[in-house]
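Beneath this line is the structure, given in structure tokens, with notes to follow.
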Amino acid sequence: MATPQRLETVRRLQVAMATAYSTMGAWCLIHPSSVMALGFTPAYAAMCNSTTSLMMRCFGAQAMTCGLVLGTCNMTPLSFTAFGLAMVPYIGWNFWFSGIGPARGVITKLMWMDFVGNVLFGLGSLYCAKLLKEQPDEDEKQDVTAKAQ
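All letters in the sequence shown, in the order written, are residues 2 to 150 by our numbering.
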């Protein structure tokens, strides 16, 4: 059975991930031009216009929604596992558009922070799922209690 300390660790990691998602999403929503200027190389940042600004704002709104849901939901081992695995495409995006992948030259070197963040979100989610799996759910507790009587 998971200890209260482990459950507190899960909650703290969940709140940290939710805060990071919401904060970065708010930045994209409120000031998309600075995100694009820092994230894209000059050749691509020069192509930013009102349409790309709108798309960045939409991305920010979605990230804020994800952070809100992540911060307020009672996550299960399955939901943490799904969230962690959902980071894989983002890690792939970082690889594809970085200086390593075939579409190199699109994003700046500052985007390594996005890669690190995505890896931490993925690993943190899988770690939380592992910690929660160690705690029996309510049905199992009732079965154990009924068998003991």
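Even for Gly, the Cβ is constructed at its ideal location relative to N, Cα and C.
With contacts defined as CB atoms closer than 9 Å, S126 and T82 qualify as a contacting pair. For R12, the enclosing alpha helix (DSSP H) has its first and last residue at P5 to I31. With respect to L79, Q15 sits apart: the two C-beta atoms are not nearer than 9 Å.
The three-state secondary structure of I101, taken from DSSP, is coil. Looking from the CA of A87, the closest CA among N119, I108 and G68 belongs to N119. The segment 53-63 makes contact with the segment 30-41: 3 or more CB pairs, one atom from each, lie closer than 8 Å. Between the segment 95-111 and the segment 24-34, the count of Cβ pairs shorter than 8 Å is below three; the stretches do not touch.
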